[in-house]
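Visitor:
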Amino acid sequence: MSVLAPKHRTATIIDLPAIVAIYNSTIASRRVTADTEPISVESRNAWFYEHTPDKRPLWVIEDEQHEILGWLSFSDFYGRPAYSGTAELSIYLHENARGKGIGKYFLQEAIAYAPQIKVHTLLGFIFGHNTPSLNLFAAFNFQIWANMPGVATLDGIERDLIIFGKRVN
Numbered sequence: 000m001s002v003l004a005p006k007h008r009t010a011t012i013i014d015l016p017a018i019v020a021i022y023n024s025t026i027a028s029r030r031v032t033a034d035t036e037p038i039s040v041e042s043r044n045a046w047f048y049e050h051t052p053d054k055r056p057l058w059v060i061e062d063e064q065h066e067i068l069g070w071l072s073f074s075d076f077y078g079r080p081a082y083s084g085t086a087e088l089s090i091y092l093h094e095n096a097r098g099k100g101i102g103k104y105f106l107q108e109a110i111a112y113a114p115q116i117k118v119h120t121l122l123g124f125i126f127g128h129n130t131p132s133l134n135l136f137a138a139f140n141f142q143i144w145a146n147m148p149g150v151a152t153l154d155g156i157e158r159d160l161i162i163f164g165k166r167v168n
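Just so we're aligned, residue 0 is where the sequence shown starts under numbering that gives the first Met the number 0, counting upward by one.
Written out as structure tokens, the structure is:
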């Protein structure tokens, strides 16, 4: 898997199996998601259709062979109208694509794009033991807006959730 210069595109329903496979590949590490068992493609259909390019995009990057290397989603925060200017970002990368600058590319593009979809505040929900993701968001001047100690239990171990935030307007 290689990509010459990262370039994203809007995900299509055909990409959903690859998106879910990448997501599922992160579960075992217990560093990225609070899911503890793999999810199905079918269980993500509604989630997929909630991501529209004009409000809450879902982007993918693929390699020269059209294999999905990773994805980024903008998601609603708290689901109430007053929070429509705030979006949570999620970035998931194929294990062979990690450490190659794709996360940086995605975050840079998301920050630049947010005003076009009337988003002024971006959030990242990151486990306290996920050092690569903490470092990524910190590198883009996201600040810790909340530290929620021990709110998740993974394999009997309590884990902290760090909420990073950034104003982009």
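Every residue, glycine too, gets a C-beta built ideally from N, C-alpha and C.
1) Could you tell me the alpha carbon to alpha carbon distance between Glu41 and Glu108, rounded to whole angstroms?
2) With Ala45 as the anchor, note down where its alpha helix (DSSP H) starts and where it stops.
3) Rounding to the nearest angstrom, what Cα-Cα distance links Val167 and Ser74 in this structure?
4) Counting only the same chain and skipping the five closest in sequence on each side, list residues whose C-beta sits under 6 Å from that of Pro5.
5) Any contact of the region 152-168 with the region 37-54, i.e. 3+ C-beta pairs under 8 Å?
6) What are the boundary residues of the alpha helix (DSSP H) that includes Glu108?
7) Tell me the DSSP secondary structure of Met0 in three-state form.
8) With DSSP collapsed to three states, give me the class of Ser174.
9) Please work out which residues of its chain come closer than 7 Å, Cβ to Cβ, to Met0, disregarding the five sequence neighbours upstream and downstream, and give them in chain order.
10) Please check the pair Ile161 and Ile125, which I expect to be a contact at CB under 8 Å, by giving their CB distance rounded to whole angstroms.
11) Measuring straight from C-alpha to C-alpha, what distance separates Glu157 and Asn129?
12) Cα separation between Ala27 and His119?
Guide: Quick look at the numbers:
1) 29 Å
2) For Ala45, the enclosing alpha helix (DSSP H) has its first and last residue at 44-49.
3) If you take the alpha carbons of Val167 and Ser74, they lie about 16 Å apart.
4) Ile60, Ile101, Tyr104
5) no
6) 101-112
7) Its pLDDT being 49, under 50, Met0 is placed unreliably in this model, and the coordinates cannot settle the point.
8) Absent from the model: residue 174. The displayed extent of the chain is 0 to 168, so no value can be given.
9) With a pLDDT of only 49 at Met0, under 50, the local geometry of the prediction cannot be trusted, and the value read off the model is given with reservation. Contacts found: Asp62, Glu66, Leu68, His93, Asn95, Ala96.
10) 5 Å
11) 14 Å
12) 34 Å
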